[in-house]
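Enquirer: In our numbering, the protein residues as written are 2 to 336.
Structure below; questions to follow.
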């Protein structure tokens with residue numbers, strides 16, 4: 002069985018590392034019973050079209066940011082609620098449980114014609130600008146590129162204008178002056194080369210804010226022989242219970258080295274007072290924003306799904322997790 006890949010993951014990023022680990026492991030465990038035709042980034046479909054490419058069968062497996070087509074993925078977008086989670090492994094495992102055991106989340110994927118493989122946070126939110134953004138007041142009047150429906154709302158409430166573009170389009174948008182501030186994971190300054198244009202980066206303390214997702218076409222998954230499907234599911238479980246985040250972090254650690262080697266680039270954390278001011282200003286509204294949005298997008302019992310997700314975060318909170326971005330902020334402090 003050959004599955005063709007459509008991907009929005011940039012080569013060399015932590016997200017591409019997760020993708021490659023999964024395909025390598027499936028080919029290993031199935032002894033070639035399932036193999037992958039590995040296309041390059043956006044070669045088959047643009048990042049924002051990957052989900053549709055998998056749904057209609059142009060590809061059998063897809064990897065991209067679910068927020069590019071949020072109408073399909075209300076059951077995973079709760080990661081964009083600010084300040085809800087700092088632990089990527091807990092988030093990934095909780096979302097896996099939702100799509101394995103909780104009917105409203107499973108129903109969304111069935112509606113999409115997709116089989117959920119994994120959804121993982123892209124890393125802690127970093128804010129890039131010509132000068133350090135160190136408080137919410139500095140968002141006022143700025144043109145901000147950020148993905149994640151709730152973090153978009155939270156930043157726009159501070160007076161920012163949100164520019165909705167994909168990660169690969171961001172460099173040109175900054176170069177042309179369409180975007181003045183970017184908010185994204187550590188691959189933005191490094192792999193998308195934005196530190197060439199924006200030297201000042203800060204961590205506001207929000208934590209995880211957006212995700213990458215991996216799905217296979219539902220008919221292709223159902224068409225697997227029982228033995229191959231069982232092996233595919235085994236690797237899926239391995240991916241979600243630690244191996245995916247391990248592959249992610251192995252590459253993320255190297256991203257910090259690239260930033261440290263750029264003499265004009267800075268990376269700092271917000272003060273506790275500045276982070277608290279934003280958290281207090283947002284209050285519980287982020288959760289309600291998500292419930293309202295997910296309900297509009299067709300998710301049944303959105304409040305219950307969020308409750309299940311948070312319960313999973315609590316369940317996996319003690320899972321060992323070493324955050325590469327937080328470590329990078331500390332490394333800059335010692336530079």
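Where a beta carbon is used, it is the ideal one built from N, C-alpha and C, also for glycine.
If you're wondering where the values come from, they're calculated on a predicted model, not measured in any experiment.
#1: What do you get for residue 245, buried or exposed, if any count of 16 or more other CB atoms within 10 angstroms of its CB means buried?
#2: By Cβ distance, which residues of its chain are closer than 6 Å to residue 36, with the 5 residues on each side in sequence left out?
#3: Relative to the C-alpha of residue 349, which candidate in 47, 114 and 210 has its C-alpha closest?
#4: Closest to residue 177 by CA distance: which of 64, 199, 276 and 26 is it?
#5: Rounded to a whole number of angstroms, what is the C-alpha to C-alpha distance between residue 226 and residue 232?
#6: Evaluate contact between the stretch 179 to 191 and the stretch 235 to 251, counting only Cβ atoms and requiring at least three cross-stretch pairs below 8 Å.
#7: Go through the stretch 202 to 236 residue by residue and report every complete run of the beta strand (DSSP E) that reaches 3 residues or more, in order.
#8: How about residue 122 and residue 168: are their beta carbons less than 9 Å apart?
#9: With distances taken between CB atoms, is the gap from residue 271 to residue 155 smaller than 9 Å?
#10: Between the alpha carbons of residue 98 and residue 305, how many angstroms are there, rounded?
#11: Could you compute how far the alpha carbon of residue 73 sits from the alpha carbon of residue 51?
#12: What would DSSP say about residue 144, mapped onto helix, strand or coil?
#13: Could you give the residue range of the beta strand (DSSP E) that holds residue 36?
#14: So, do the stretch 9 to 25 and the stretch 131 to 149 have three or more beta carbon pairs nearer to each other than 8 Å?
#15: Taking the alpha carbon of residue 265 as the point to measure from, which residue in 80, 333 and 17 has its own alpha carbon closest?
#16: Tell me which residue opens and which closes the alpha helix (DSSP H) that residue 160 is part of.
#17: Would you kindly work out how many angstroms separate the C-alpha atoms of residue 315 and residue 87, rounded to a whole number?
#18: With H, G and I counted as helix, E and B as strand and the rest as coil, what does DSSP make of residue 269?
#19: Over the uninterrupted alpha helix (DSSP H) stretch that includes residue 15, give me the two end residues.
#20: Report the residue from 33, 15 and 55 whose alpha carbon sits nearest the alpha carbon of residue 6.
#21: Since residue 235 and residue 103 should fall inside the 8 Å C-beta cutoff, what is the C-beta to C-beta distance between them, to a whole number of angstroms?
#22: Once the 5 residues before and after residue 195 are set aside, which same chain residues still bring their CB inside 7 Å of it?
#23: Using a Cβ distance threshold of 8 Å, determine whether the stretch 134 to 141 contacts the stretch 100 to 118, with at least three qualifying pairs required.
#24: Can you tell me which of 10, 32 and 53 puts its alpha carbon nearest to the alpha carbon of residue 39?
#25: Within the continuous alpha helix (DSSP H) that includes residue 91, where are the two ends?
#26: Would you tell me roughly how many angstroms separate the C-alpha atoms of residue 179 and residue 33, rounded to the nearest one?
#27: Output the boundary residues of the alpha helix (DSSP H) element that contains residue 311.
#28: Kindly indicate which three-state DSSP category residue 334 falls into: helix, strand or coil?
#29: On a Cα-Cα basis, can you pick out the residue from 320, 112 and 284 that is closest to residue 220?
#30: Which residue comes first and which comes last in the alpha helix (DSSP H) that contains residue 250?
#31: What's the gap between the Cα of residue 286 and the Cα of residue 15?
#32: So for residue 62, helix, strand or coil by DSSP?
#33: With a 10 Å radius around its C-beta and 16 neighbouring C-beta atoms as the bar for buried, classify residue 273 as buried or exposed.
#34: Where residue 19 and residue 163 are concerned, what is the direct C-alpha to C-alpha distance, given to the nearest angstrom?
Expert: This is what the structure holds:
#1: buried
#2: The answer, listed in chain order, is 3 and 28.
#3: The question about residue 349 has no answer here: the residues shown for the chain are numbered 2 through 336.
#4: Ranked by how close their Cα comes to the Cα of residue 177, the residues 64, 199, 276 and 26 have 199 in first place.
#5: 10 Å
#6: The stretch 179 to 191 vs the stretch 235 to 251: no contact.
#7: Correct list: 212 to 218.
#8: no
#9: no
#10: Cα atoms of residue 98 and residue 305: separation of roughly 14 Å, rounded to the nearest angstrom.
#11: 12 Å
#12: strand
#13: 36 to 38
#14: In this structure the stretch 9 to 25 does not touch the stretch 131 to 149; the number of beta carbon pairs closer than 8 Å is below three.
#15: 333
#16: Here residue 160 belongs to no alpha helix (DSSP H), and DSSP marks it neither H nor E.
#17: One alpha carbon belongs to residue 315, the other to residue 87, and they sit about 12 Å apart.
#18: strand
#19: Counting along the chain, the alpha helix (DSSP H) containing residue 15 begins and ends at 15 to 30.
#20: 55
#21: The pair is not a contact, with the Cβ atoms about 21 Å apart (cut-off 8 Å).
#22: 129, 171, 172, 175, 183 and 189
#23: no
#24: Nearest option by C-alpha distance: 10.
#25: 89 to 102
#26: 47 Å
#27: 303 to 316
#28: helix
#29: 112
#30: 245 to 261
#31: 31 Å
#32: Strand.
#33: With fewer than 16 Cβ atoms within 10 Å of its Cβ, residue 273 is classed as exposed.
#34: As the crow flies, the alpha-carbon of residue 19 is around 29 Å from that of residue 163.
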